[in-house]
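Take a look at the structure below.
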Amino acid sequence: MVLDGLNPEQRRAAETLTGPVCILAGAGSGKTTTITRRIANQVGQGAFEPGAILAVAFTDKAAGELRSRLEALGAGGVPARTFHSAALAQLHALAAEPPGELLPSKALLLRQIGNTLPGAYRFRPAGDLATEIEWAKNRRITPERYVDSLDDGHDPPVPADLMLRVFREYERRKQARNLIDFEDLLGLAIRMYEEDGRALARFQARYRAFTVDEYQDVNLLQQTLLERWLGDRDDLCVVGDDYQSIYGFTGATPAYLLAVQARFPHAVEIRLEENYRSTPEVLALANRLVPELGGAPKVLRATRPPGLEPVVRPFPGPEEEAAFVVERIRALHAEGVPYEETAVLYRVNSRSEDFEAPLAVAGIPFQVRGGAFLRRQAARGVVRLIGRSAETDVAAGVRRAAEAQGFLDVLPDGLGDQELTRQGDLARLVALAAEFDDGERSLTEFAADLERRFGAHGEGRGVHLLTYHRAKGLEFEAVFLPLLQEGELPIRQAKTPEALAEERRLFYVGLTRAKRHVFLTWSAARKPSRFLEEIGARSSVGAGPVRPLNDDPILAALKAWRRERAKADGVPAFVVFHDRTLEEIAGRLPGNLGELAGISGVGPAKLERYGDAVLEAVRCRP
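Using this note's numbering, the first residue of the sequence shown is number 52, and each one after it goes up by one.
Structure representation (structure tokens):
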């Protein structure tokens with residue numbers, strides 16, 4: 052029963068009970084199914100007792116999923132933990148002295164330290180300072196070695212001398228209060244095993260086999276602890292996909308996954324390439340990127356039936372692009388795709404408001420992973436400063452408030468994602484204030500307008516708005532990848548080959564989140580992303596914007612009808628039908644409702660509401 056339903060490669064992995072095993076698992080290929088069946092088979096066949104196996108995941112949620120599946124398979128006695136929770140348990144059980152108190156978050160401590168920095172640097176988000184400290188500690192870099200360890204490809208969020216000051220003060224305050232952070236957990240466990248032979252012997256007597264999920268995300272600190280656990284043994288199973296290694300900013304690297312065969316020449320290597328998530332059309336697009344990804348080649352093979360071709364097209368500007376996204380979301384929903392099965396991905400959180408306002412106007416519910424616009428730090432700070440002011444020079448008032456929050460007109464290199472989001476939000480607020488300013492309305496009215504446009508949405512259920520990083524591990528029926536232009540993806544700060552390679556992997560992660568529908572769009576006013584060229588997308592649609600066929604009398608008649616219908620219904624024209632849908636209708640000339648229903652963008656609701664009128668407009672062609 053444990054092996055039922057597995058494909059040949061999954062079964063081969065599950066039946067290899069001992070020795071080193073490296074599973075290179077492509078997106079959507081059932082890696083969790085494979086490793087849990089393997090562990091259950093190890094227990095069922097008597098290769099190891101349940102308590103002798105340690106399964107390691109990267110998040111509490113993933114560890115919980117492993118435990119749940121193992122219990123269902125009859126292997127509930129196998130512990131499944133994160134690296135950090137495993138290290139903490141081992142320190143409590145084996146260390147001569149208990150560790151200090153665990154610091155649940157670096158944010159408060161680093162906010163206090165960050166407030167002492169000079170000038171605008173005091174506004175740098177504590178999260179970016181924390182990420183930099185984690186970057187160092189995950190590479191086992193101490194404050195004494197920090198400055199010398201910086202290379203040309205890494206820019207700290209504040210100048211190196213200030214970052215060193217923050218790092219030293221953070222460690223000093225932590226030590227004075229007998230606190231340890233999550234990186235310290237791993238470091239203390241490593242030191243315990245290096246210095247206490249009895250502790251190491253006790254650990255290795257209990258745990259004889261290890262399984263590590265998401266091995267492409269291991270950093271030096273985690274790898275070092277894993278090596279101490281193993282010693283000279285080789286009962287290790289690792290699973291991962293180097294194509295989805297996207298956490299280099301924390302020190303993660305796919306190098307350890309790719310080096311398994313070199314370290315263990317007798318290791319069994321298994322590639323999972325059968326994809327259970329996406330249609331052949333979605334996978335064909337993602338597979339075009341494979342030659343550029345390097346690493347261990349994996350070409351995904353679809354198990355689902357054929358579906359729709361991906362939509363790849365530019366738009367004259369960001370407004371038209373956002374309008375298209377909204378119109379297609381509405382059309383997909385009318386065709387039966389739940390809002391909760393739809394996602395819009397972007398590179399940094401500050402781009403969420405590009406879609407929050409259009410979705411709100413259209414009455415489409417949405418949820419923002421990472422915080423909606425008005426709940427993020429920048430907007431909260433500016434709204435607090437403008438307060439209940441009756442000042443009518445809104446543009447100047449908001450700019451002053453933004454500058455008081457550290458707003459920069461020109462962004463330096465080296466800003467982390469959180470500071471890029473904060474600066475992007477401040478810039479958006481300044482721009483919104485300039486648009487709102489008519490010399491009569493006040494700052495209080497501007498704050499109320501922000502609340503009306505952005506405040507009542509972003510909670511609960513609905514379309515997912517999230518970054519590529521937050522989308523990893525998730526899947527959706529429909530995925531929109533807008534803003535595919537240079538400076539956005541790849542992000543402007545990605546200048547080294549390594550950074551660009553990680554941006555490319557982010558794009559791959561975005562493509563492989565989609566089950567049936569994927570939309571790639573960009574603004575023709577900007578240079579298209581180089582990744583579009585790499586998958587041959589630009590050449591398939593042309594480098595310039597798609598031009599409406601304004602000289603087509605049928606299209607002109609359809610647009611005239613749409614204009615009148617939108618006016619009568621009191622809605623924007625794109626809510627009736629998007630330009631692209633009208634262009635396809637004019638090109639295909641449907642003769643009945645059945646043929647009209649076959650056109651993308653004409654769902655059941657629109658067919659019932661507008662179908663007869665559209666056919667009449669087509670029949671009345673000159």
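Glycine is no exception: its CB is placed at the ideal position from the N, C-alpha and C atoms.
Please confirm whether residue i and residue j have their CB atoms less than 7 Å apart.
| i | j | result |
| --- | --- | --- |
| E185 | T301 | yes |
| L516 | V626 | no |
| L323 | A76 | yes |
| L213 | L272 | no |
| A478 | P71 | no |
| R38 | E526 | The requested residue 38 does not occur in the structure, where the chain is confined to residues 52 to 673. |
| S401 | T518 | no |
| I650 | E634 | no |
| P331 | P357 | yes |
| T354 | E325 | yes |
| R555 | F582 | yes |
| V445 | D488 | yes |
| L309 | L276 | no |
| E470 | D179 | yes |
| I437 | L494 | yes |
Using 10 angstroms around the beta-carbon of residue i, count the other beta-carbons present and answer buried if the total reaches 16, otherwise exposed.
| i | result |
| --- | --- |
| H143 | exposed |
| E659 | exposed |
| D460 | exposed |
| C73 | buried |
| Q163 | exposed |
| P579 | buried |
| H568 | buried |
| N189 | buried |
| L239 | buried |
| N229 | exposed |
| A588 | buried |
| D468 | buried |
| E234 | buried |
| S156 | exposed |
| A64 | buried |
| N338 | buried |
| W280 | buried |
| G621 | exposed |
| G513 | buried |
| D55 | exposed |
So, helix, strand or coil for residue i, using DSSP?
| i | result |
| --- | --- |
| K112 | helix |
| A611 | helix |
| I636 | helix |
| D602 | Because the pLDDT at D602 is just 46, under 50, the model does not fix this residue reliably, and the value given afterwards should be weighed accordingly. Coil, per DSSP. |
| T547 | coil |
| N229 | coil |
| I184 | helix |
| T167 | coil |
| N189 | coil |
| A146 | coil |
| S119 | helix |
| H568 | strand |
| P71 | coil |
| Q141 | helix |
| N92 | helix |
Alpha carbon to alpha carbon, what distance is there between residue j and residue i?
| i | j | result |
| --- | --- | --- |
| L161 | V217 | 8 Å |
| C288 | Y258 | 14 Å |
| G346 | T69 | 26 Å |
| G448 | F458 | 13 Å |
| D500 | G79 | 43 Å |
| E491 | T443 | 6 Å |
| S119 | K112 | 11 Å |
| F174 | R435 | 16 Å |
| E60 | E246 | 41 Å |
| A452 | G165 | 20 Å |
| T87 | R431 | 45 Å |
| L640 | I605 | 9 Å |
| E386 | V653 | 8 Å |
| R208 | V198 | In the sequence on display, residue 208 carries Pro and not Arg. Cα to Cα, P208 sits roughly 13 Å from V198. |
Is the shortest distance between the beta-carbon of residue i and the beta-carbons of chain B less than 7 Å?
| i | result |
| --- | --- |
| Y221 | Annotation note: the requested chain B is absent from the structure, which comprises a single protein chain. |
The stretch 369-377 / the stretch 522-534 touching (three or more Cβ pairs under 8 Å): Remark: three or more beta-carbon pairs, one from each stretch, lie closer than 8 Å, so the stretch 369-377 and the stretch 522-534 are flagged as touching.
Inter-stretch contact at 8 Å, needing at least 3 Cβ pairs: the stretch 557-566 / the stretch 288-297: Under the three-pair Cβ rule at 8 Å, the stretch 557-566 counts as touching the stretch 288-297.
Stretch-stretch touch, CB-based, cutoff 8 Å, three pairs: the stretch 137-156 with the stretch 120-127: no
Cβ pair count under 8 Å reaching 3, the stretch 545-552 against the stretch 398-418: no
Validate contact between the stretch 607-623 and the stretch 661-669 using beta carbons, cut 8 Å, 3 pairs: yes
Stretch pair the stretch 85-105 + the stretch 345-362: three plus CB contacts closer than 8 Å: no
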